[in-house]
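S.K.: First the structure, then my questions, so here it is.
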Amino acid sequence: MKATHYNLTIRTLLCGLLLLAVSCAKLVLLPAGGNGDPIVLISNPLDKISDVAEGKADRAAYGNIMASQKLGLGDSAPFTIDDEAGREVRSMLELDRTKEEPTLLSLSDALAIAIASSRSYQTRKETLFIQALYLTEVQKDFDLNYNGRVEADTSFSTYKDGSTETFGNRGANAGVDLGVTRKLATGARMTLNFSQNMLRYFTNPDTSDSNNALTFNIIQPLLNGFGPLVTKEPLRQAERDMVYAARDFKRYQQDFVIDISSQFYAALRTRDQMVNERNNYESTIANREQSESYAKAGRIADFQAAQARQSELNAADRWTIARAAYDRALDDFRFTLGLPIDLNVEPDPKELSVLEQRGLVDVDITLPVAMDSAISNRLDLINERQKVEDKDRKVEIQQRNFLPKLDVSYTVQKQFDSSDGTDISQNMGVGLELPFDWTEKRNSFRIAQINYEREKRNLESDESDVVRSVRDLWRKLESNRSVYANRLLSVKLAVRRVENTTLLLNQGKALTRDLLDAQSDLLSARNEATASLVDYTITRLRFWNAIERFEIDPKGMWYEKSIGQVEEAVATP
């Protein structure tokens with residue numbers, strides 16, 4: 228009774244599967260459009276399957292990213308590829324589109340918006356996420372892998388004498404295969420499989436036959452392919468590549484924040500130049516009016532009034548060019564932040580005033596200590612050192628590939644309803660494969676050796692490049708500091724010179740050209756002072772980043788690590 232009940236259950240299951248297949252075929256054959264559209268009929272189940280697949284993929288990828296951050300960086304940070312924050316930011320700013328006055332963004336606002344809505348930043352996050360997904364495909368090779376297959380068939384034949392055998396005459400055959408496999412660290416591969424084969428079960432049950440079997444199989448390499456060094460290398464390398472990607476993304480985040488800050492201050496510098504040009508233009512108007520009145524009164528020659536008029540025209544042109552340059556800077560700024568180009572948002576000018584009030588923030592570190600910090604702590608150099616280890620490991624793996632293949636196998640099978648009366652059968656075997664042709668093996672080994680030496684040279688080159696970069700940034704800091712101090716002094720001298728020249732001109736002891744030259748020098752000094760301050764600030768950030776003492780929070784605000792401190796907000800904008 229139990230066997231009959233079992234066979235009836237299998238028969239019922241297969242009948243249901245066949246009916247489902249027929250139903251699906253009918254759905255596909257339905258004409259498109261209207262209520263009979265097959266896409267409409269199957270869209271709801273597919274949507275549910277898609278939602279489940281998306282959720283599982285996200286959990287697996289985010290788990291891999293978090294694990295790689297802890298391994299490569301010591302701690303995990305919030306990470307998501309969801310663009311909801313960016314959409315909310317853009318929607319909020321869109322509400323202010325109708326305002327005549329621009330929405331002013333502080334540096335912290337700009338960094339937060341860039342991280343939330345920048346296209347390039349979103350693409351880089353998605354690249355890391357996709358690599359985390361690829362890692363899951365390698366990880367599954369060392370998990371339990373399930374497989375299943377159900378099939379059914381029948382036939383219809385016509386013979387030369389005109390007779391036929393219909394589907395009912397031949398009967399319908401069916402089969403079920405269910406299995407699970409697992410790969411072990413030793414290189415062994417285990418398989419457990421259940422099969423159910425049924426002949427003529429649906430149309431000729433009286434002549435039906437079945438063959439059921441439960442099979443366990445294991446194959447263990449003893450030489451080539453043995454051990455975790457070889458077996459787990461794909462998983463090991465994929466996990467290490469994921470750690471490298473996490474470190475690379477961290478470096479990208481730091482560079483991204485510095486680039487956004489640089490563009491933010493560059494836009495403010497352009498605005499400051501525009502304001503200086505406007506003030507200079509207004510001064511030239513006043514000079515021209517005064518010169519014309521002096522010329523009419525005979526106090527100065529007419530050519531001096533003409534010089535003042537020419538200076539006014541030149542100032543008007545420079546102001547026009549400065550306005551266009553600021554508009555271009557705003558377009559670039561909005562584009563980099565991922566905002567609509569015509570959105571009326573601008574950097575807050577107060578940020579430049581804060582920078583001017585703070586002045587130059589000293590770098591409390593010596594050059595030798597800075598170079599040691601860069602060599603020891605740079606994430607990209609840590610990656611390169613570990614890549615050398617990878618190449619060295621590949622050489623050892625290729626050496627083991629010269630070994631012959633010696634595998635042992637064991638199979639045990641339990642049969643149900645066997646026609647020949649067999650109950651349990653077992654089989655043990657040994658296979659030896661001798662590698663007489665070593666062409667591919669020897670080439671792979673030599674390539675692995677060359678790649679190892681090449682990777683060591685790359686590491687040496689990268690370390691030298693980092694040292695060179697640190698030394699260059701140090702020199703730029705020194706020069707920027709000196710230039711800024713000179714520019715501040717130049718501004719003071721230029722202001723005093725303009726005041727004195729104005730007094731002398733009123734007393735008839737100076738020429739109009741003298742005042743025009745003094746005002747031009749004052750304009751240049753102010754522009755150069757702002758430029759040198761911005762250059763010093765950005766160079767300082769790049770210097771901290773070059774020696775891996777630059778940190779950012781989830782919103783993009785930066786922190787500079789001081790010597791002997793874990794983390795301190797040395798210069799937070």
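In the working numbering, the protein residues as written are 228 to 800. Quick reminder that beta carbons are idealized off the backbone N, C-alpha and C, glycines included.
Please report how far the alpha carbon of aspartate 554 lies from the alpha carbon of arginine 561, in whole angstroms.
M.R.: So the alpha carbons of these two residues sit roughly 11 Å apart.
S.K.: Run through DSSP, which three-state label would lysine 352 get?
M.R.: Residue state, collapsed to three classes: helix.
S.K.: Could you tell me which whole beta strand (DSSP E) segments of length 3 or greater appear in the region 545-605?
M.R.: For the region 545-605, whole beta strand (DSSP E) runs of length 3 or above, ordered along the chain, are 572-574.
S.K.: Considering only the beta carbon of each residue, do leucine 320 and leucine 570 sit closer than 8 Å?
M.R.: Cβ distance < 8 Å, so leucine 320 and leucine 570 count as in contact.
S.K.: In whole angstroms, give me the CA-to-CA distance for glycine 260 and lysine 641.
M.R.: Note that glycine 260 scores 43 on pLDDT, short of 50, meaning its location in the model is unreliable and no value can be drawn from it.
S.K.: Exposed or buried, proline 455, counting other C-beta atoms within 10 Å across all chains shown (16 or more means buried)?
M.R.: Per the 10 Å Cβ criterion, exposed.
S.K.: Determine the contact status of isoleucine 779 and alanine 597, defining contact as a CB-CB distance below 8 Å.
M.R.: No, Cβ-Cβ distance for isoleucine 779 and alanine 597 is not below 8 Å.
S.K.: May I ask you to report which of helix, strand or coil DSSP gives methionine 214?
M.R.: Residue 214 falls outside the range modelled here, since the chain spans only 228 to 800, and no answer is possible.
S.K.: Does histidine 232 come out as helix, strand or coil in the three-state DSSP assignment?
M.R.: Residue placement at histidine 232 cannot be trusted, given a pLDDT of 40 that sits under 50; the coordinates are not used to answer.
S.K.: Can you tell me whether glutamate 539 is buried or exposed, with buried defined as 16 or more other CB within 10 angstroms of its CB?
M.R.: Glutamate 539 should be labelled buried.
S.K.: Here's the rule: buried if 16 or more other CB atoms are within 10 angstroms of the residue's CB, otherwise exposed. What is glycine 414?
M.R.: By the neighbour-count rule (16 or more Cβ atoms within 10 Å), glycine 414 is buried.
S.K.: Assuming glutamine 625 and phenylalanine 672 are in contact, meaning their beta carbons sit under 8 Å apart, how far apart are those beta carbons, in whole angstroms?
M.R.: Correct: roughly 4 Å between the Cβ atoms.
S.K.: For a quick check, are the C-beta atoms of leucine 411 and leucine 630 less than 8 Å apart?
M.R.: Against a cut-off of 8 Å, the Cβ pair of leucine 630 and leucine 411 comes out as no contact.
S.K.: Which residues in the same chain have their Cβ closer than 8 Å to the Cβ of leucine 742, if we skip the five residues on either side of it in sequence?
M.R.: Cβ within range, chain order: Asn514, Val725, Thr728, Thr729, Leu732.
S.K.: Helix, strand or coil for glycine 452? Go by DSSP, reduced to three states.
M.R.: Here glycine 452 sits in coil by DSSP.
S.K.: So, are the CB atoms of isoleucine 512 and serine 518 less than 8 Å apart?
M.R.: Cβ atoms of isoleucine 512 and serine 518: not closer than 8 Å.
S.K.: Spatial neighbours of threonine 764 within its chain, please: C-beta separation below 7 Å, excluding the five flanking residues on both sides.
M.R.: Counting only Cβ-Cβ distances below 7 Å, and skipping sequence neighbours, we find Tyr492, Leu582.
S.K.: Measure how close the beta-carbons of methionine 501 and alanine 359 come, nearest whole angstrom, since I'm counting them as under 8 Å.
M.R.: That pair is no contact at about 46 Å.
S.K.: Which stretch, first to last residue, makes up the beta strand (DSSP E) that contains isoleucine 651?
M.R.: Residues 651-660.
S.K.: Could you tell me whether the region 630-639 touches the region 575-594, where touching means 3 or more Cβ pairs closer than 8 Å?
M.R.: In short, these stretches do not touch, since the Cβ pair count stays below three.
S.K.: Counting Cβ pairs, one atom from each stretch, are 3 or more of them under 8 Å apart for the region 543-558 and the region 305-312?
M.R.: With the cut-off at 8 Å, the region 543-558 and the region 305-312 do not touch.
S.K.: Keeping to the same chain, check which residues put their C-beta closer than 8 Å to that of glutamate 623; ignore five residues upstream and five downstream.
M.R.: The answer, listed in chain order, is Leu456.
S.K.: For tyrosine 521, is the classification buried or exposed, using 16 other Cβ atoms within 10 angstroms of its Cβ as the cut-off for buried?
M.R.: Classification for tyrosine 521: buried.
S.K.: Here's the rule I'm using: 16 or more other beta-carbon atoms within 10 Å means buried, otherwise exposed. How should serine 344 be labelled?
M.R.: Serine 344 should be labelled buried.
S.K.: Which residues in the same chain as alanine 248 place their Cβ atom closer than 6 Å to its Cβ, once the five residues preceding and following it in sequence are excluded?
M.R.: Note that alanine 248 scores 45 on pLDDT, short of 50, meaning its location in the model is unreliable and no value can be drawn from it.
S.K.: So is tryptophan 665 buried or exposed if we call it buried at 16+ other beta carbons inside 10 Å?
M.R.: Flag for tryptophan 665 reads exposed.
S.K.: To the nearest angstrom, report how far apart serine 717 and arginine 505 are at their CA atoms.
M.R.: So the two alpha carbons sit approximately 20 Å from each other.
S.K.: Could you check the C-alpha separation between alanine 524 and glutamine 537 for me, to the nearest Å?
M.R.: Rounded to the nearest angstrom, the two C-alpha atoms are 20 Å apart.
S.K.: Taking only three categories from DSSP, how would you classify glutamine 734?
M.R.: Glutamine 734 falls in the coil class under three-state DSSP.
S.K.: Would you say leucine 371 and valine 407 are within 8 Å of each other, going by their C-beta atoms?
M.R.: Taking 8 Å as the Cβ cut-off, leucine 371 and valine 407 qualify as a contacting pair.
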